[in-house]
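Peer 1: Attaching a single structure in structure tokens format; questions to follow.
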Amino acid sequence: MQQQTIQMIIPKKETNLIPMIMICALFFIFGFVTWANGTLIPFFKLSFGLTDFQAFFVTFSSYMAYFFLALPSSWILKKTGFKNGLVLGLLILGVGSLLFIPAAKSNSFALFLTGIFIQGSALALLQTAANPYLTIIGPIESAAKRISFAGICNKTAGILVPIIMGTLFLKNAAAIEKQIETATGIEKQHLLQEVLGRVNMPYIVLAIVFCLFSLLIKFTHLPEVQVEEDVVDEGSGEVVHHKSIFQFPHLFLGAFCIFVYVAAEVMAGDIIGVYGKELGISADISKFFTSLTLGGMLIGYIAGIIAIPKYISQQKALRICAMLGIIFSIAAYFTGGYASVTFIALLGLANSLMWPAIFPLGISHLGKFTKTGSAIMIMGIAGGAIWPMIYAYLKDNLKLDFQLAFFIAVLPCYLYILYFAVSGHKAGLKKRYTA
2 MQQQTIQMII
12 PKKETNLIPM
22 IMICALFFIF
32 GFVTWANGTL
42 IPFFKLSFGL
52 TDFQAFFVTF
62 SSYMAYFFLA
72 LPSSWILKKT
82 GFKNGLVLGL
92 LILGVGSLLF
102 IPAAKSNSFA
112 LFLTGIFIQG
122 SALALLQTAA
132 NPYLTIIGPI
142 ESAAKRISFA
152 GICNKTAGIL
162 VPIIMGTLFL
172 KNAAAIEKQI
182 ETATGIEKQH
192 LLQEVLGRVN
202 MPYIVLAIVF
212 CLFSLLIKFT
222 HLPEVQVEED
232 VVDEGSGEVV
242 HHKSIFQFPH
252 LFLGAFCIFV
262 YVAAEVMAGD
272 IIGVYGKELG
282 ISADISKFFT
292 SLTLGGMLIG
302 YIAGIIAIPK
312 YISQQKALRI
322 CAMLGIIFSI
332 AAYFTGGYAS
342 VTFIALLGLA
352 NSLMWPAIFP
362 LGISHLGKFT
372 KTGSAIMIMG
382 IAGGAIWPMI
392 YAYLKDNLKL
402 DFQLAFFIAV
412 LPCYLYILYF
422 AVSGHKAGLK
432 KRYTA
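The numbering of the sequence shown is my numbering, which starts it at 2 and goes up by one.
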């Protein structure tokens with residue numbers, strides 16, 4: 002079995018507790034900002050009278066930033082170092098949040114999308130740094146467990162977002178929607194201004210929190226993790242030299258697996274509120290459905306922490322999760338009402354251990370290419386930008402039933418994830434890698 006040699010610049014007596022706490026706090030921030038999109042979609046539909054296709058530009062703007070900024074983020078991190086890269090990312094995140102204020106004042110959906118894209122760019126930088134740090138700060142076999150701890154923080158934030166932001170942004174949503182439909186002229190403008198003004202205080206507070214946390218990171222000792230130049234074969238002890246990132250097909254299969262995984266996660270988390278409303282469930286109730294999905298993910302993370310790697314490998318956990326995703330997708334299509342929503346929420350359970358398993362498998366055995374490989378994996382997050390648009394196109398343009406459109410969109414994702422879990426993660430590694 003090949004194993005990349007990791008060296009940490011950290012005194013032997015120190016533990017990894019402080020870095021783990023800081024990274025987990027960062028993942029809470031990632032979750033809060035990312036899952037706020039689930040609330041912003043119905044909020045912007047309410048405020049601007051958007052179709053689903055138009056409203057899904059919220060997720061498109063956020064997740065597409067990862068595609069464009071992941072590789073530049075890798076270059077920035079090489080120049081700034083891990084800690085300064087995190088500080089810079091948090092400051093940029095604050096700038097994107099503050100842009101919501103003029104966007105609300107000018108009733109500009111385009112300016113909101115710009116702020117969301119800037120937030121996504123900041124998250125691309127932060128995640129490009131944080132994910133490989135979690136992966137290689139300890140044994141690769143238990144990377145899924147460490148990422149699961151961070152995932153609990155991430156999804157806890159996601160559970161809180163619909164409750165906090167949904168209460169602030171979508172209070173009396175059904176009544177306001179009727180008022181906007183009947184209002185005209187100046188009255189309608191004032192009503193829209195009042196509704197959009199609800200974003201001001203929350204995003205000012207978020208910007209302050211991001212800046213304060215950047216200062217905390219600046220003055221906290223976080224050890225740099227360096228990857229050795231090459232990969233050592235455990236069996237022979239010989240150094241295996243690689244000249245190109247393209248010599249690792251499992252990396253690119255892993256990046257596409259991240260692509261379809263994030264697509265499935267966004268469909269289950271961000272789209273569930275719209276899905277519930279299509280089933281005839283009131284917006285005042287469906288605005289909380291994202292919390293159900295993330296609650297399922299939280300349960301899965303806890304199970305992962307207990308089971309990996311003591312009882313099952315991260316590869317086997319990925320296979321189980323993929324099969325659950327297939328089963329729940331089929332069940333959601335063939336049921337209706339709250340039962341169908343429940344199966345969509347259960348996709349959160351199926352999705353829970355996918356990122357913690359896919360990411361380590363994708364960047365394993367990369368040696369000196371680990372940072373670039375991590376950036377390529379992060380680019381796969383763009384799946385969250387594309388898939389909601391595909392769903393909206395199937396539903397609105399091709400006029401497919403919304404449940405059928407959802408089924409067509411998510412099932413192929415889980416089928417590919419199952420392929421990667423079974424054999425894709427070993428592509429190109431041959432006998433030097435064992436599952």
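Glycine included, C-beta positions come from ideal geometry on N, C-alpha and C. Note that this is a predicted model, so its numbers are computed, not measured.
(1) For the alpha helix (DSSP H) that contains residue 26, what are its first and last residues?
(2) For residue 409 and residue 35, what's the separation of their Cα atoms in angstroms?
(3) For the 8 Å Cβ check, are there 3 or more pairs between the region 122–129 and the region 370–382?
(4) If you draw a straight line from the alpha carbon of residue 55 to that of residue 222, how long is it in whole angstroms?
(5) Nearest CA to the CA of residue 333: which residue from 265, 253, 425, 404?
(6) Can you give me the Cβ contacts of residue 397 inside the same chain, cut-off strictly under 8 Å, excluding the 5 residues immediately before and after it?
(7) Using 8 Å as the cut-off, can you tell me whether the region 104–116 makes contact with the region 194–204, which would need three or more C-beta pairs spanning the two stretches below that distance?
(8) Using the Cα positions of residue 26 and residue 217, report the straight-line distance between them to the nearest angstrom.
(9) To the nearest angstrom, report how far apart residue 130 and residue 91 are at their CA atoms.
(10) Could you give the first and the last residue of the continuous alpha helix (DSSP H) run that contains residue 251?
(11) Alpha carbon to alpha carbon, how far is residue 133 from residue 392?
(12) Given that a residue counts as buried once 16 or more other Cβ atoms are within 10 Å of its Cβ, and exposed if not, what is residue 195?
(13) Measure the alpha-carbon distance for residue 315 versus residue 285 and round it to whole angstroms.
(14) Once DSSP output is grouped into helix, strand and coil, what is the label at residue 313?
(15) Take residue 244 as the anchor and find which of 287, 46, 371 has the nearest alpha-carbon.
(16) Quick one: grab the DSSP three-state call for residue 172.
(17) Report the rounded CA-to-CA distance for residue 40 versus residue 168, giving the unit in angstroms.
(18) Report yes if the CB atom of residue 274 is closer than 9 Å to the CB atom of residue 351, and no otherwise.
(19) Less than 9 Å between the beta carbons of residue 426 and residue 305, yes or no?
(20) Quick one: is residue 424 buried, meaning 16 or more other Cβ sit within 10 Å of its Cβ, or exposed?
Peer 2: Based on what the coordinates show:
(1) Against the sequence shown, residue 26 aligns to sequence position 25. That run of the alpha helix (DSSP H) goes 18–49.
(2) Looking up residue 409 in the sequence shown gives position 408. Looking up residue 35 in the sequence shown gives position 34. So the alpha carbons of these two residues sit roughly 24 Å apart.
(3) yes
(4) Locating residue 55 in the sequence shown gives position 54, counting from the first residue. Locating residue 222 in the sequence shown gives position 221, counting from the first residue. Each residue's alpha carbon lies about 44 Å from the other.
(5) Looking up residue 333 in the sequence shown gives position 332. Residue 404 is the option with its Cα nearest to residue 333.
(6) As a first step, residue 397 is located in the sequence shown; it is residue number 396 there, counting from the start. Answer for residue 397: 52, 53, 54, listed in chain order.
(7) yes
(8) As a first step, residue 26 is located in the sequence shown; it is residue number 25 there, counting from the start. As a first step, residue 217 is located in the sequence shown; it is residue number 216 there, counting from the start. Rounded to the nearest angstrom, the two C-alpha atoms are 11 Å apart.
(9) Taking the sequence shown and counting its residues from 1, one reaches residue 130 at position 129. Taking the sequence shown and counting its residues from 1, one reaches residue 91 at position 90. The straight-line gap from Cα to Cα measures roughly 12 Å.
(10) Here residue 251 is taken as the residue at index 250 of the sequence shown, counted from 1. That run of the alpha helix (DSSP H) goes 250–270.
(11) Position 132 of the sequence shown holds residue 133. Position 391 of the sequence shown holds residue 392. Approximately 31 Å, taken between the alpha carbons.
(12) For this step, residue 195 is matched to residue 194 along the sequence shown. Residue 195 is exposed by the Cβ-count criterion.
(13) Taking the sequence shown and counting its residues from 1, one reaches residue 315 at position 314. Taking the sequence shown and counting its residues from 1, one reaches residue 285 at position 284. Taking C-alpha positions only, residue 315 is separated from residue 285 by approximately 39 Å.
(14) For the purposes of this step, residue 313 is identified with residue 312 of the sequence shown, where counting begins at 1. Residue state, collapsed to three classes: coil.
(15) Walking along the sequence shown from the start, residue 244 turns up at place 243. It is 371 whose Cα lies nearest to the Cα of residue 244.
(16) Your numbering for residue 172 matches position 171 in the sequence shown. Reduced to three states, the DSSP call for residue 172 is coil.
(17) Locating residue 40 in the sequence shown gives position 39, where the first residue counts as 1. Locating residue 168 in the sequence shown gives position 167, where the first residue counts as 1. Between residue 40 and residue 168, the C-alpha separation is close to 10 Å.
(18) Mapped onto the sequence shown, residue 274 falls at position 273. Mapped onto the sequence shown, residue 351 falls at position 350. For residue 274 and residue 351, no; Cβs fall outside 9 Å.
(19) As a working mapping, residue 426 is identified with position 425 in the sequence shown. As a working mapping, residue 305 is identified with position 304 in the sequence shown. No.
(20) Numbered from 1 along the sequence shown, position 423 holds the residue referred to as residue 424. By the Cβ-count criterion, residue 424 is exposed, with fewer than 16 other Cβ atoms from all chains shown falling within 10 Å of its own Cβ.
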